[in-house]
Amino acid sequence: MKTNKFHVLKLIGIIITIISLFTYCSDDSDTVSETTTSETDTSTSSDDNNNDSDTDSSVSEIGENHEDDDDYVWESSSIVYITLNGSSITVDGEGATVSNTTVTINNAGNYEITGTLNDGQIVVDTEDEETVRLILNEIDVTNSSSAPINIASAAKTIVILSENTTNYLTDASNYVFEDDDDEPNAALFSDDALTIYGEGSLIVNANYNDGIASKDGLIIAGGTISVNAVDDGIRGKDYLIIKNSDITVNAEGDGLIADNDEDTNNGWIIIESGKFDITANGDGISAESNVEITYGDFIIETGGGSNNYLSSSDSAKGIKSSIDILIEDGVFNIDSSDDNIHASYGITIETGTFTLASGDDSIHTDDSIEINGGEINITSAVEGIESPSITINNGEFNINTSDDAINAAGNTTNNLYINGGYMVINCSGDGLDSNGNLTITDGTVILNGPTAQNNSPLDCDGTLSLDGGFIVASGYASNMDEAGSSSSDQYSVLIKLTSSQSAENIFHIENSSGENILTFEPSKTYKSIVFSSSTLSTGTYKIYLGGSSTGTETDGLYENGTYSPGTLYKSFTISSKTTTVN
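Counting from 0, one number per residue, gives the positions in the sequence shown under numbering that gives the first Met the number 0.
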């Protein structure tokens, strides 16, 4: 059993305001490119478990972003055309100047860029308060000493990926800086607010540092983007917003990152929609503040995957937040050498489909976890779900761990609540473990527990309340085995067998009328069974070992059909809420 230090602060709320839902349309004629936008306010409250809590709380707010309704609206008649001719550049219009193979945009406006630049740079350097738009129309820019695109100064820059185009940016492995400057430090770099948008493609090969980076906020609102980077893939220092995009990242550092650690209202990531394929040596998605995912289709591999060794000084988590994570929906395939989903404070999962493999914990926080639905398949992990406070209200779970499956630990006050859902557990450590109270009010728990003597299917240091639901758990009859407390609302029984039973040898309980109460086929060697169900009441019961059933078997449970008796093991009587059969 493993514990973690607890951060005393606890978040109860995140309030965000974001702008979303727009479309883009443009053609080659002298028409106006338009978008429709709407403002949406969403908020989330962490750790609303409908249970008493004595922990303190504070509020952190996600700040505003730089998106405006008119970002995606411009007059095509105002476009300045920049043509890249290998080793030369021509400009048709006002607002940009050329020096050798560098074009510098000095004024706000709309600039369409096309062609190839063998060794050169596109620079934006303006003090204008209006927006600069870079319309990329099949460009291929390489720079042997710096970044292909360097947005040194601008109020806001929007990079537009023209429809049906593929655009390439390749930087140098070593940059040459003037004086003591350390910028740019990415193949597509912006010192100010940056938006990427459109229906085309962008391929970034970053040989020096990051692929795409903004020292302010970064919004990716469309396009197919592929980044290969020797450090981080896509970075928005203050915030990163992604929607309606297809993102592929191969990074030796982190995949997607927002890393402002100086302002509590910054350093956050919002993903509204999109498709993501992220391979990173570091973290897949990492925010210094909050991570909020409305929906997305994610494939994430970090640190070489769950079978790879990770040193204690490294971080290779799938999704990481230094505050809270909210996942509303999505499809998540995460294979990481570190935690799959990790937050310093709270994690809330509303729904989604999760396939998770971890070299450490699968879902971990230092404060609280609330799961309200979804399909969560933890194929391998050291510990499955770990936090001081865990509340599971609904969902389908399949959890396979080398240590504890669900562990409420890491604080002076630890609680595990299961209020619903369907859960199948196969663990080598404790199955359901709480260093405080463990309460089950509803749901189904099917647990194939440890075969070692120092662990048990249910391990509770406080009060074990079995107040509802269906619980069957096999173990190995250690001195830690326990059933529900006498104050539970539902009857429970702990059976300690005199000899171990092989895996798949049926364990059967029937009442005095011969009615089936439990027919269970554990998947591992067992020597004890914990059982609690609304079908139990006061009265006499019989235990059989072995035999067969014509019923339908699901996760080891047989329903309907007829049980053909094996060996009658023992009769026992229930006269109180908890019964132990030795």
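Cβ atoms here follow ideal geometry from the backbone N, Cα and C, with glycine treated the same way.
With contact counted as at least three CB pairs below 8 angstroms, one residue from each stretch, are the stretch 180-198 and the stretch 88-106 in contact?
-> Because the criterion of three Cβ pairs below 8 angstroms is not met, the stretch 180-198 and the stretch 88-106 do not touch.
Whole-number beta carbon distance between N136 and I112, since they are thought to touch under 8 angstroms = Here residue 112 refers to the residue found at position 113 when the sequence shown is read from its first residue. Here residue 136 refers to the residue found at position 137 when the sequence shown is read from its first residue. So it is a contact: roughly 7 angstroms between Cβ atoms.
Going by C-alpha distance, which of G254, D488, E251 and S213 is nearest G235?
-> Stepping through the sequence shown from its first residue, residue 235 is reached at position 236. Per the Cα distances, S213.
When burial is assigned at 16 or more other CB atoms within 10 Å of the CB, is D69 buried or exposed?
-> Within the sequence shown, numbered from 1, the residue matching residue 69 stands at position 70. The residue is exposed, with fewer than 16 neighbouring Cβ atoms inside 10 Å.
Near I268, what residues of its chain come up, given a Cβ to Cβ distance below 6 angstroms and the 5 sequence neighbours on each side ignored?
-> Numbered from 1 along the sequence shown, position 269 holds the residue referred to as residue 268. Closer than 6 angstroms at Cβ, skipping near neighbours: L239, A257, A286 and V290.
Neighbourhood of D46 by C-beta distance below 6 angstroms, restricted to the same chain and skipping five residues each side | In the sequence shown, residue 46 corresponds to position 47, counting from 1. Any reading at D46 needs caution, since the residue's pLDDT is 36, under 50, leaving its predicted position unreliable; the model's value is listed next. Answer for D46: G345 and S367, listed in chain order.
What are the partner residues of S386, as DSSP defines its beta bridges?
-> Position 387 of the sequence shown, counted from the start, is the residue given in the question as residue 386. Bridge partners of S386: A407.
Going by DSSP, what residues sit across from V203 in a beta bridge?
-> Translated into the one-based positions of the sequence shown, residue 203 becomes position 204. Paired residue(s): L168 and V226.
Figure out for me which residue from F297, A153, E385 and T378 has the closest Cα to the Cα of T400.
-> Along the sequence shown, one-based indexing puts residue 400 at 401. Measuring C-alpha to C-alpha distances from T400 to each of F297, A153, E385 and T378 identifies T378 as the nearest.
Look at the Cβ atom of Q500, then the Cβ atom of Y475, and state whether they are nearer than 8 angstroms.
-> Position 501 of the sequence shown, counting from 1, holds the residue named residue 500. Position 476 of the sequence shown, counting from 1, holds the residue named residue 475. Taking 8 angstroms as the Cβ cut-off, Q500 and Y475 do not qualify as a contacting pair.
Cutoff 7 angstroms; reference D441; Cβ partners in own chain excluding five residues on either side = Indexing the sequence shown from 1 puts residue 441 at position 442. Same-chain partners within the cutoff: N418, G419, G467 and G468.
Closest by C-alpha distance to L556, when choosing among S574, N581 and I508 = Here residue 556 corresponds to residue number 557 of the sequence shown, with the count starting at 1. Answer by Cα proximity: I508.
Using beta-carbon positions only, say whether S361 and D338 come within less than 8 angstroms of one another.
-> Counting from one through the sequence shown, the residue named residue 361 turns up at place 362. Counting from one through the sequence shown, the residue named residue 338 turns up at place 339. Their beta carbons are under 8 angstroms apart, which means S361 touches D338 by this criterion.
Quick one: residues in its chain with C-beta nearer than 6 angstroms to the C-beta of S200, no 5 flanking neighbours on either side, listed in chain order?
-> Against the sequence shown, residue 200 aligns to sequence position 201. The answer, listed in chain order, is T165 and T223.
Give the straight-line distance between the Cα atoms of T450 and D403, rounded to the nearest whole angstrom.
-> Against the sequence shown, residue 450 aligns to sequence position 451. Against the sequence shown, residue 403 aligns to sequence position 404. Here the C-alpha atom of T450 lies approximately 13 angstroms from the C-alpha atom of D403.
Beta-bridge partners of Q500, as assigned by DSSP = Here residue 500 corresponds to residue number 501 of the sequence shown, with the count starting at 1. DSSP lists Y525 as partners of Q500.
Taking the DSSP output, what are the residues bridged to A250?
-> As a first step, residue 250 is located in the sequence shown; it is residue number 251 there, counting from the start. Answer is A228 and A279.
Under the rule that 16 or more other beta-carbon atoms within 10 Å means buried, what is T566, buried or exposed?
-> In the sequence shown, residue 566 corresponds to position 567, counting from 1. So T566 counts as exposed.
Please look up how many angstroms separate the CB atoms of A356 and D334, rounded, as I've assumed it's under 8 angstroms.
-> As a first step, residue 356 is located in the sequence shown; it is residue number 357 there, counting from the start. As a first step, residue 334 is located in the sequence shown; it is residue number 335 there, counting from the start. Yes, they are in contact, since the Cβ atoms of A356 and D334 sit about 5 angstroms apart, within 8 angstroms.
Compute the distance between the beta-carbons of S548 and I505, then report whether it is under 8 angstroms.
-> The count along the sequence shown starts at 1 and reaches residue 548 at position 549. The count along the sequence shown starts at 1 and reaches residue 505 at position 506. Cβ distance < 8 angstroms, so S548 and I505 count as in contact.
Can you tell me whether DSSP reads D68 as helix, strand or coil?
-> Start at 1 with the first residue of the sequence shown, and residue 68 comes out as number 69. DSSP places D68 in helix when its eight states are reduced to three.
Assigned secondary structure, S77 (DSSP; H/G/I helix, E/B strand, else coil) | Start at 1 with the first residue of the sequence shown, and residue 77 comes out as number 78. DSSP places S77 in helix when its eight states are reduced to three.
When Y207, V203, D323 and A154 are compared against V175, the one with the closest alpha-carbon = Position 176 of the sequence shown, counted from the start, is the residue given in the question as residue 175. Of the residues Y207, V203, D323 and A154, the one whose Cα lies closest to the Cα of V175 is Y207.
Within 10 angstroms of the Cβ of T278, are there 16 or more other Cβ atoms? Answer buried if so, exposed if not.
-> If you number the sequence shown from 1, residue 278 lands on position 279. T278 is buried by the Cβ-count criterion.
With a 10 Å radius around its C-beta and 16 neighbouring C-beta atoms as the bar for buried, classify D262 as buried or exposed.
-> Translated into the one-based positions of the sequence shown, residue 262 becomes position 263. It is exposed - the Cβ of D262 has fewer than 16 other Cβ atoms within 10 Å.
By Cβ distance, which residues of its chain are closer than 8 angstroms to D489, with the 5 residues on each side in sequence left out?
-> Within the sequence shown, the letter at position 490 stands for residue 489. Contrary to the premise, residue 489 reads as Gln rather than Asp in this sequence. So the list reads L465, D466, G467, G468, G483, S531, S532, S533, L535 and K576, once near-sequence residues are dropped.
When you compare only the Cα positions, how much space is there between T194 and I218?
-> Taking the sequence shown and counting its residues from 1, one reaches residue 194 at position 195. Taking the sequence shown and counting its residues from 1, one reaches residue 218 at position 219. Approximately 5 angstroms between the Cα atoms of the pair.
Going along the chain, which residues of its own chain have a beta-carbon closer than 6 angstroms to the beta-carbon of I270, five neighbours each way excluded?
-> Translated into positions along the sequence shown, residue 270 becomes position 271. Only I241, I292 and G295 meet the Cβ criterion.
Measure the C-alpha to C-alpha separation of V580 and L493 and round it to an integer number of angstroms.
-> As a first step, residue 580 is located in the sequence shown; it is residue number 581 there, counting from the start. As a first step, residue 493 is located in the sequence shown; it is residue number 494 there, counting from the start. About 6 angstroms.
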